[in-house]
Amino acid sequence: MLTLDFERLADGADLVAIAGANGRGKTTLMDNMHPYLTMPSRAALSGPGGFSYYDHVCLPENEKDLTWSHEGRCYRSQVVIRLNGRHKTEAYLYALSDVGQWRPVCLDDGLVSDGKVETYSRCVEAICGSADTFFTSAFSAQGKRQLSTYRNAEIKSLLSDLLGQEEIRALGQKANDTAKLIKAGLSAIRQESAGLDAEQARLDAGLHRLQGASDRVAQALLERQQAQQALDGHRVCHARLQAQRDQSQSTEARRAQLLEERKALIAAGTRAIEGLKAQEQDALLGLERLAQRITSRRTHAQSRQSTVMQSRRQCLTVLEEAGAVQRAAHRLPLAEQVLSARQQGIVVCRQQVQAMRDAQATERLLVQKLASIELEAGRAALKAQELAHRFGLVGEVPCAGTDLQGQCKLLGDAYEAQTLMPSAQGQISRLAQDKALAEQELSLIRHRYEELAQAPQALALAERLGDMARTRVSRMSLLATRAGQITQARAALQTIELELSSLEPELGRTQDNETTEEHAERQQIEATRQRIAQALVQQAQHFREALNRLDAVLHGLPTPFDHQILAAAAQAEAQARLALSTAEQAHLAAERDAQSRIELTAQARALADRRVQVQSRMARAEGSLGNWNLFARCMSNDGLIALAIDDAGPALSGLANDLLLACYGPRFTVSILTLVETGKGEQREGFDIVVHDGESGDSKSLGLMSGGERVWISCRDRHEIHYAETPDMPSSRSGRRPRPCNCAAGTCEAMRHSTSGSGTLSPDARGGKSLSLMSGGERTFIDACLTRAIALYLAQNTGRRFDTLFSDEADGPLDPEHKRMFMAMKREVLRLGGYRQEFFITQTPHLATMADAVIDLDAMQAEPRAGIDASDR
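Residue numbering for the sequence shown follows this note's numbering, beginning at 23 and increasing consecutively.
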């Protein structure tokens, strides 16, 4: 938690510097020294949606508590940003009452600060004005957008808000809304007019279609009378034909009776013949069934004989192996004994092979043991030689036999070698004995190995013979197991022979094709077919004679009445009736068309009157729309607001020029243009800030200022830069004199030197400053003067003023000399505007010392209790 008491830290100070290292939080601190819900240095865009506290906080609950005053009244802003779960921001604005209590702010329209962000923002803007006005005039944020980059519509909207033209803009908005309503009504009137035009076109088409309706009425009446006469003639003809039909009805009844009898006779004959044919078909089916039984019997006998013969052949095949099976069963015990003896021989051979391998391993161990004994014996011999050599030194040592021999180390060593020689000789003797024993054992092992050298070949032969014996036993065991199958085959063969004996009589009958019963059944079926054929002939003759008698009676009756003539007469009468109905409908339609033409004529006269009224209303609406559009344009940014900006332009320019003159000198002056010239030389609404350079006499737009103020002077021969204008370069402001150039006379083109040693620049060499090389620092300086001029204009002319100004590292692009001028401008702004104080952030220690008070965040970090309450909430 960070708590700062600005009244205690900067009480009575005009300029308050906020200093500290990068990342210490200077900009964050200044971004929260105002009541608006934004951090202008962190905002990506101006307006709603350009900034969010959630991107700059990390605790579950974060709070900003700011106590501030405006126009003599004290306020308190409390903003709570929560990240625990759903993001939520609460903002409260309180005002200090006369009794010293904090109460929610209540505006004149009844709006109360209830914790919602929207109501809080509306309350703050009602008290302090819009955020755009505040951050344009009183708060210079880091990376702030300069006035020269604003477009025409943006700068006019900003200046209209700065100049207090809200009422005019509101009137323009109301006029625009009224124009929209009139336009909507005009659209409805035009739609009504279009509907009337369509109605008029419909009436004209109807009148054109109904032209000649009276003549069509007379023609339809004549056609109706003719259709009535034709209908009467057809009715008389149809009645006469109906009388003739009634007279022929008795004859037709007799003919119908005879035809029914003939039909019944034909049906009875057909049924009788079909019954006989069905009987004949049953006889044929009996013959077919008899043939199928004979064929089935023959096929079954042959199939059974084939099956029995196949089984007989299988039994004979099995019995052919009876001798081999008997021999295998007889020789199987002997083969098993041979296999057991071979397996025992394999076991013995494997034991011999293992003994040979053990002898081979023992031989290798003895060889290694002999090598180690010889190595140890060599070392013992060397040690014995060394001891003998050391003992031989007794006769050569000069101190032997003297009083010094007790102190002579060489003589003592020789005596020590004498005592060690017996043990060395004993070790050599022991190693010689060990070697002899090892060599004797090695000889025995090698003899054993030679005796067993043929053991692997004997093992391989024994294993091969054992495999052969095992295969023979397996084959004989398989054959011996088939003894039971041989016995079963012999029993089955006897059964098959008996079955073949029983099938021989049936096969003999099969060769004659039919049995006695089958032959008798065939004779009976043939007799039945002959009787059926005779019955068919008799029935056909009987029914033919009956039909001939009925046909003779029918031929004797009169010719029947032709009903087609009667149907044609009825159809002609119906058509005549239909024609009459059509003629009547045509007459009625002609009557209706005549009446419709009269009604359409009346409607056309009434529609003409309505069209005149609608045209009059549309003309009045179009006139009102034009007037309201003109009024809305007059109340817009290009109307009275533009005139107000034109009126404020000289005052703003005058304030900016006063600041430039007081702090920077008479070199730069600015003018604000609201009318710009197009490429065709015409004037149009616009906005531009023109800067005039008093030294060079040139003028250009502020938006075109770029680069740095540099004067490059190069020698033509060496292309060498002589100097660049900096705070320490020779100039009229720095008081430094230029050094003489060491170039040859007449060779420098960038400037002309006085070779006599005067050390001053000629007027031609100093010249005017290039428009394209005006520095970014100067552009920053002029933009700051314009911003502060806007704040002064608001305080002097609109009554909207702020007691405190804010600026964040605005002196970055300036050189040390212009930084000092920049501080002078700040004091001049405080003096002219009557401001209480200004807080500014700077990275320049010299400017911090020029301030009336310094809030050093580095010092507070080192000593938390000096100005920061570091306790956790």
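All C-beta atoms, glycine included, are put in the ideal place defined by N, C-alpha and C.
Query	Result
Rounded C-alpha distance that separates Met5 from Phe828	The requested residue 5 does not occur in the structure, where the chain is confined to residues 23 to 895.
Minimum C-alpha distance to Arg614 - residue among Thr809, Gly234, Thr826, Gly578	Gly234
Start-to-end residues for the beta strand (DSSP E) that takes in Cys96	95–104
CB contact flag (Asp833, Arg46, <8 Å)	no
Exposure of Pro355, with buried meaning 16 or more beta-carbon neighbours within 10 Å	exposed
Segment limits, beta strand (DSSP E) that includes Phe861	859–863
Range covered by the beta strand (DSSP E) that runs through Asn649	Where Asn649 is concerned, there is no enclosing beta strand (DSSP E), although the alpha helix (DSSP H) it sits in stretches over 585–656.
Cα-Cα separation, Arg30 to Gln865	23 Å
Where Pro838 falls, given that 16 or more other Cβ within 10 Å makes a residue buried	exposed
Exposure of Met331, with buried meaning 16 or more beta-carbon neighbours within 10 Å	exposed
Best match in Arg452, Ala406, Ile467 for proximity to Glu440 [C-alpha to C-alpha]	It should be noted that the sequence gives Gln, not Glu, for residue 440. The candidate whose alpha carbon is nearest that of Gln440 is Ala406.
First and last residue of the uninterrupted alpha helix (DSSP H) at Tyr142	139–150
Secondary structure of Ile40, DSSP reduced to three states	strand
Helix, strand or coil at Tyr471 [DSSP, three-state]	helix
Same chain, Cβ closer than 7 Å to Ala592, neighbours up to 5 away in sequence not counted	His260
Option in Gln247, Tyr58, Arg276, Leu208 with minimal Cα separation from Phe157	Tyr58
Beta carbon of Ala9 nearer than 8 Å to that of Ala598	With the chain covering only 23 through 895, there is no way to say anything about residue 9.
DSSP three-state assignment for Leu899, whether helix, strand or coil	This structure leaves residue 899 out entirely; the chain is present only between 23 and 895.
Residue closest to Ala216, alpha-carbon to alpha-carbon, out of Arg632, Ile877, Gln301	Arg632
Ordered list of alpha helix (DSSP H) runs contained in the stretch 238–314, each at least 4 residues	none
Every unbroken alpha helix (DSSP H) inside the stretch 497–530 [4 residues or more]	none
Alpha-carbon spacing of Glu461 relative to His469, whole angstroms	12 Å
Buried/exposed call for Pro62, threshold 16 Cβ in 10 Å	buried
Beta-carbon contacts of Ser756 that lie in its chain and below 6 Å, excluding the five residues immediately before and after	Because the pLDDT of Ser756 is 39, which lies under 50, any placement of that residue in the model is unreliable, and the number read from its coordinates should be weighed accordingly. Excluding positions up to five away in sequence, the list is empty.
Range of the contiguous alpha helix (DSSP H) that encloses Asp830	Run containing Asp830: none in the alpha helix (DSSP H); it sits in the beta strand (DSSP E), 826–830.
Inter-residue Cα distance where the pair is Asn651 and Glu147	30 Å
Arg497: CB within 7 Å of a non-hydrogen atom of the ligand HEM	The ligand HEM is absent from the structure shown, which contains no ligand whatsoever.
Whole-angstrom distance between Ile812 and Gln710, CA atom to CA atom	The amino acid at residue 710 is misidentified as Gln; the sequence shows Asp. About 15 Å.
Alpha-carbon spacing of Leu105 relative to Gly716, whole angstroms	57 Å
Residues that Asn84 bridges to, as DSSP identifies them	Ile103
Outcome for Gly587 when other beta-carbon atoms lying within 10 angstroms are tallied against a minimum of 16	This sequence places Ile at residue 587; Gly is not what is there. It is exposed - the Cβ of Ile587 has fewer than 16 other Cβ atoms within 10 Å.
Cα-Cα separation, Ser236 to Ala227	18 Å
Beta-carbon proximity check, Leu681 vs Arg810, cutoff 8 Å	yes
Test item: CB-CB of Val101 and Glu83 under 8 Å	no
Backbone CA spacing between Leu392 and Lys457 [nearest angstrom]	6 Å
Among Pro835, Tyr815, Gln479, the one whose alpha carbon lies nearest that of Leu852	Tyr815
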